[in-house]
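Here's the structure, in structure tokens; my notes come after.
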Amino acid sequence: MNMTRKRKRELLRKVGLFAGMTERSLDAIAAKALDIDFTTGQYIVRQGQVGTGFYLVTAGRAKVVRSGQVLARLGPGDFFGELSVLDQMPRIAHVIAEEATSCLALASWDFSKLLEENPKITLSLFREVARRLRAASDSHRH
483 MNMTRKRKRE LLRKVGLFAG MTERSLDAIA AKALDIDFTT GQYIVRQGQV
533 GTGFYLVTAG RAKVVRSGQV LARLGPGDFF GELSVLDQMP RIAHVIAEEA
583 TSCLALASWD FSKLLEENPK ITLSLFREVA RRLRAASDSH RH
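Numbering (the numbering used here), first residue to last: 483 to 624.
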């Protein structure tokens, strides 16, 4: 699917992570984001591989799988790949398209630059990472 920059900007605007960004900033992200389509059953990312990008699901459904166990299901507006971009370590799970799925993808170097230049996005991302960590933890007592 060849999305226009305007359409990418519209999709980005709907995602909480990018809330409060200016049109100019959204446009800069949209200019660098690639739209990629995946077929049913296709691996979007593989566990154990070093991540090179951040993904935002724009259409379809995908599942997050680790050691054969489905950890989460993703749909439009959900994102993944942020951990590998942040720590440059191998991915901790597979993400597999459950149906025809489209994503906007940002290369790790573009996403890192975005975080450096936009503290609100960085804070929002850290909050989401913390939320996911708490949800994945067996016990999150202090």
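Think of the CB as a built atom: it goes at the ideal place given N, C-alpha and C, for glycine as much as any other residue.
Here V532 is exposed: its Cβ has fewer than 16 other Cβ atoms, across all protein chains shown, within 10 Å. The Cβ-Cβ distance between A579 and A554 does not fall below 8 Å. Within the same chain, Cβ atoms closer than 7 Å to the Cβ of M485 are found at D517, the five residues on either side in sequence being excluded. Annotation: W591 to V547 spans about 25 Å, alpha carbon to alpha carbon. E581 and Q551 have their C-alpha atoms some 18 Å from each other. Residue environment for G559: exposed (fewer than 16 other C-beta atoms within 10 angstroms of its C-beta). No residue range can be given for I574, since it is assigned to no beta strand (DSSP E) and is classified by DSSP as neither H nor E. 8 Å or more divides the Cβ of I526 from the Cβ of V567. A direct Cα-Cα distance of roughly 12 Å separates F536 from L607. For K514, no beta strand (DSSP E) encloses it; the enclosing alpha helix (DSSP H) starts and ends at E505 to K514. The shortest C-alpha to C-alpha distance from G498 to any of I603, S619, A612 and A617 is the one to I603.
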